[in-house]
Amino acid sequence: MNKDAYQSIKLELDSKQVALVAVSKTKPVSDILELYDLGHRDFGENYVQEMVEKATQLPNDIRWHFIGHLQSNKVKIIAPFVQLIHGVDSLKLLKDLNKEGEKVGRVIDCLLQVYIAREETKFGLDEQELSEVIRLYDAMVIPNVKITGLMGMASFSNDMNLIRKEFRKLKEIFDYYAGLPTTDSRLTTLSMGMSSDYKVAIEEGSNMVRIGNLLFGERTAK
Ligand SMILES: *Cc1c(COP(=O)(O)O)cnc(C)c1O
Numbered sequence: 017m018n019k020d021a022y023q024s025i026k027l028e029l030d031s032k033q034v035a036l037v038a039v040s041k042t043k044p045v046s047d048i049l050e051l052y053d054l055g056h057r058d059f060g061e062n063y064v065q066e067m068v069e070k071a072t073q074l075p076n077d078i079r080w081h082f083i084g085h086l087q088s089n090k091v092k093i094i095a096p097f098v099q100l101i102h103g104v105d106s107l108k109l110l111k112d113l114n115k116e117g118e119k120v121g122r123v124i125d126c127l128l129q130v131y132i133a134r135e136e137t138k139f140g141l142d143e144q145e146l147s148e149v150i151r152l153y154d155a156m157v158i159p160n161v162k163i164t165g166l167m168g169m170a171s172f173s174n175d176m177n178l179i180r181k182e183f184r185k186l187k188e189i190f191d192y193y194a195g196l197p198t199t200d201s202r203l204t205t206l207s208m209g210m211s212s213d214y215k216v217a218i219e220e221g222s223n224m225v226r227i228g229n230l231l232f233g234e235r236t237a238k
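Just so we're aligned, residue 17 is where the sequence shown starts under my numbering, counting upward by one.
In structure tokens, the structure reads:
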């Protein structure tokens, strides 16, 4: 764990009121504890099993962010404790989350993932699908799940202009839905930016970044 990197990134983000999710996937609980001891509480994982295993070994005031692709059959495992699910991309998943949220008496916050990159491999809703999901969500009564914002990943590229364009697009979409007076979804969180592009993301209006490598060092596996 890189203490100096954490402290300088944290200072920078605090001054801009941007939230930091420390992405601890593949890293041992000892790394998480080091950051925890510096006062950090928001951690991101992208595998359900790994997140649960870590959560059971670590203090329970950690706020766990699920940043991977969530499958419906895994929802009930994380419903009792997850803080925020970043990558929701279907109405079915919202309904499943609502059902499990109801069972455990929680309102589960989620971000809808919007597809902004060029690669085919990334998950997310296109603009049309996003509009449809929000419309249907607003028309339904599913009080145990709440859409609190949007999440997106830029292309895996060195072309900062391309990345900037993609983030700018997502911010426009976010502003549009955040500004709608009629919607039940109260969009306040815009999760965009990772180690390689978080500065650009913030310049383009992100208010939550997900950073792994810069804090914990390069991942070797997964
Ligand atoms: C791994 C991951 C990150 C963090 O990536 P780094 O390059 O380590 O900062 C952010 N978001 C998602 C969705 C991830 O899977």
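Even for Gly, the Cβ is constructed at its ideal location relative to N, Cα and C. This structure is a prediction, so every number in the text was calculated from the model and none was measured.
Exercise. Can you tell me which of the three DSSP states A38 falls into?
Key: strand
Self-check item: Where the beta strand (DSSP E) containing Q129 begins and where it ends
Solution: 124 to 131
Quiz item: If you run the structure through DSSP and keep just helix, strand and coil, what is K43?
Solution: coil
Quiz item: So, are the CB atoms of V37 and M176 less than 8 Å apart?
Solution: no
Exercise. Out of D112, L141, V34, I101, point me to the one whose CA is closest to D125's CA.
Key: I101
Quiz item: So V216 and F183 are in contact, right, with Cβ under 8 Å, and what is the actual spacing, rounded?
Solution: 6 Å
Quiz item: Hey, quick one: how far does the alpha helix (DSSP H) through D191 stretch, first residue to last?
Solution: 176 to 195
Quiz prompt | Cβ shell of K238 (< 6 Å), same chain only, five flanking positions each side left out | solution = Model confidence at K238 stands at a pLDDT of 49, short of 50, so the residue's coordinates are unreliable and nothing is read from them.
Quiz item: To which residues of the same chain is R57 closer than 7 Å at the C-beta, ignoring the five residues directly before and after it?
Solution: D77, I78, R79
Self-check item: Cβ-based neighbour list, F139, same chain, cut-off 8 Å, excluding 5 preceding and 5 following
Solution: H85, G103, D105, Q129, Y131
Quiz item: Which value, in whole angstroms, describes the spacing of the CA atoms of K70 and G60?
Solution: 11 Å
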